[in-house]
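In the numbering used here, the protein residues as written are 553 to 764.
Virtual Cβ for every residue (Gly too), placed ideally from N, Cα, C.
Worksheet: one structure, shown below.
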């Protein structure tokens, strides 16, 4: 009887954390591959994630937020009503005003944002070290190659598994970086200006809620 009660309690707990999550990525490969691997890892656990949908779009920041809105509506018509929506994008070479505008637009539509300034590779590098100096994309690649011990390939499908053991370090470093920008700037956070910075850890922490 006690075992049955424990099993019932466990199932009830799974239902509490079960969410439908839509993740829409700017990059067609890098971010999508990382979060697709994350999704597969979570599906190996006993937690019941109903659906985590990853869509690589190749859109720029503002278009990406609009695409996420449209996708949410389209998928709802198909009977797929997502409770949580995330967009993932980099500052890259987009106009400054578009970067902050996209973040504000997403928040107004209850869409959560995992942004990176300058590049998604910042999230990877934070698995190894805390950095608060801006780098170019090429510099990120060079530093990752050094840390990994092999050539970093931008569209690699193995980065999630390669970095998983260091994920806690990355979360700590990302939070420390955000706090650095909060305290060093009188007006608080400014995603376009705060280079380097990322909120990818917020999405990672959200997904980790569904881990066994």
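- If you look at residue 664, you'll find it in the beta strand (DSSP E) that goes 664-669.
- When the Cα atoms are used, residue 733 and residue 726 turn out to be separated by approximately 11 Å.
- Shown here for residue 634: same chain residues with a beta carbon closer than 7 Å to its own, the five before and five after excluded, namely 572, 573, 574, 624 and 627 in chain order.
- For residue 737, the CB contacts under 8 Å within the same chain, skipping 5 residues up- and downstream, are 745 and 746 in chain order.
- Bridge pairing for residue 608: 577 [DSSP].
- Distance from the Cα of residue 637 is smallest, within the candidate group 760, 661, 648 and 629, for 661.
- Contact between residue 582 and residue 702 is absent: CB atoms are separated by about 17 Å, not below the 8 Å threshold.
- Burial state of residue 694 is exposed, judged by a 10 Å Cβ sphere holding fewer than 16 other Cβ atoms.
- Taking the CA atoms as reference points, residue 654 sits about 9 Å from residue 665.
- Shown here for residue 743: same chain residues with a beta carbon closer than 7 Å to its own, the five before and five after excluded, namely 651, 652, 655, 667, 669 and 749 in chain order.
- The secondary-structure analysis by DSSP pairs residue 749 across a beta bridge with 669.
- Here the alpha carbons of residue 622 and residue 709 stand approximately 28 Å from one another.
- Residue pairing for residue 721: DSSP places it in no beta bridge.
- Rounded to the nearest whole angstrom, the CA to CA distance from residue 730 to residue 614 is 23 Å.
- Around the CB of residue 688, fewer than 16 other CB atoms lie within 10 Å, so the residue is classed as exposed.
- The closest CA to that of residue 674, considering only 649, 658, 715 and 617, is found on 715.
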